[in-house]
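Heads up: the sequence shown is residues 12 to 269, going by the working numbering.
Where a beta carbon is used, it is the ideal one built from N, C-alpha and C, also for glycine.
Just so we're clear, the structure is a prediction, and the values are computed from it rather than from any experiment.
All remarks here apply to the structure that follows.
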Amino acid sequence: MTGGDRKWAKTLRGHFVAMIGEFVGTFLFLYFAFMCHSMSVYQAGETGAGGGNAANTVIFISLGYGFSLLVTAWSLYRVSGGLFNPAVTLGLCLGGALPWLRGAMLFPAQILGGIVAAALVSCMIPGDISVVRTELNASVSIAQGVFIEMFLTCELVFTVLMLAAEKSKDTFIAPIGIGLALFVAEIAGVYYTGASLNPARSFGPCVAAASFNGYHWIYWVGPALGAALSAGFFRFVKFLNYEEANPGQDSADGEFAE
Numbered sequence: 012m013t014g015g016d017r018k019w020a021k022t023l024r025g026h027f028v029a030m031i032g033e034f035v036g037t038f039l040f041l042y043f044a045f046m047c048h049s050m051s052v053y054q055a056g057e058t059g060a061g062g063g064n065a066a067n068t069v070i071f072i073s074l075g076y077g078f079s080l081l082v083t084a085w086s087l088y089r090v091s092g093g094l095f096n097p098a099v100t101l102g103l104c105l106g107g108a109l110p111w112l113r114g115a116m117l118f119p120a121q122i123l124g125g126i127v128a129a130a131l132v133s134c135m136i137p138g139d140i141s142v143v144r145t146e147l148n149a150s151v152s153i154a155q156g157v158f159i160e161m162f163l164t165c166e167l168v169f170t171v172l173m174l175a176a177e178k179s180k181d182t183f184i185a186p187i188g189i190g191l192a193l194f195v196a197e198i199a200g201v202y203y204t205g206a207s208l209n210p211a212r213s214f215g216p217c218v219a220a221a222s223f224n225g226y227h228w229i230y231w232v233g234p235a236l237g238a239a240l241s242a243g244f245f246r247f248v249k250f251l252n253y254e255e256a257n258p259g260q261d262s263a264d265g266e267f268a269e
């Protein structure tokens with residue numbers, strides 16, 4: 012085997028390991044998130060205005076998704092990057108932080124992880140898996156849903172780009188910021204759209220329930236637009252050399268340069 016062949020084999024092995032990491036990570040992230048979501052809905056004592064989740068239920072659901080992502084991303088960050096979301100993968104590819112070949116290989120692993128997570132939750136607990144599906148509130152139009160999902164996803168993907176893709180002295184605690192970003196986005200959007208931010212999160216429960224809403228496409232288009240928006244802004248601030256706007260931000264002693 013030549014040196015080039017060995018290098019190519021090593022690259023393929025790396026892609027394969029990353030695929031496994033993304034499948035397992037997406038499964039674990041969504042399995043525990045779906046479990047928390049289902050329990051909170053069935054234990055809820057009241058509903059919100061318009062038939063949506065009450066505020067306390069929204070907070071519990073948001074905690075489940077945010078902390079599940081935090082823990083899973085922290086544990087598997089060194090294996091695959093801890094993405095667990097096709098929209099995040101797209102954002103990193105568009106932002107130049109992830110090779111397109113790696114992104115194309117991670118995408119099916121993430122989708123499959125979401126399907127398996129939803130299927131196992133459906134089989135293992137009583138009740139209908141449909142309660143964890145992302146659905147529009149009756150007062151929200153499809154167009155509004157697309158833009159809500161776009162901006163929620165933009166916030167999450169930009170957080171990933173700045174905390175994880177951009178290396179700094181704080182990169183090792185990036186999963187905390189990413190988990191909190193998802194938590195905030197979930198609180199903001201669960202009542203209105205279900206706060207998907209992740210096609211794998213929306214697609215899995217629909218497959219497990221064998222039921223798709225006619226507007227399911229917004230949970231692909233909205234996050235994709237959000238990923239593109241965040242990647243565009245990321246490239247813009249990189250082009251402007253944003254590091255020079257706040258010199259010394261990553262200095263060991265925390266002091267600003269003159």
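Cα-Cα separation, residue i to residue j
i, j, result
"Ala176", "Leu131", "32 Å"
"Asp139", "Thr170", "33 Å"
"Leu208", "Leu236", "11 Å"
"Gln155", "Leu123", "28 Å"
"Tyr88", "Pro186", "8 Å"
"Ala66", "Ile229", "24 Å"
"Ala98", "Arg24", "24 Å"
"Pro119", "Ile70", "30 Å"
"Trp85", "Arg212", "19 Å"
"Ala220", "Met50", "17 Å"
"Ser222", "Ala115", "27 Å"
DSSP three-state assignment for residue i, whether helix, strand or coil
i, result
"Asn67", "helix"
"Ile136", "coil"
"Phe223", "coil"
"Val168", "helix"
Test item: CB-CB of residue i and residue j under 8 Å
i, j, result
"Phe247", "Gly106", "no"
"Gly188", "Phe95", "no"
"Gly215", "Thr145", "no"
"Ile126", "Val232", "no"
"Ser79", "Ala44", "yes"
Cut-off 6 Å between Cβ atoms - residues of its own chain near residue i, not counting five sequence neighbours on either side
i, result
"Leu112", "none"
Close-in-space but distant-in-sequence residues of the same chain around residue i (CB under 7 Å, 5 per side omitted)
i, result
"Gly77", "Gly190, Leu191, Leu193, Phe194 and Glu197"
"Ser241", "Gly102, Cys165, Val168, Phe169 and Leu172"
"Tyr203", "Asn148, Val151 and Ile159"
Buried versus exposed, by CB contacts within 10 Å (16 or more), residue i
i, result
"Tyr53", "exposed"
"Asn257", "exposed"
"Asn64", "buried"
"Val28", "exposed"
"Thr22", "exposed"
"Phe183", "exposed"
"Asn252", "exposed"
"Phe40", "buried"
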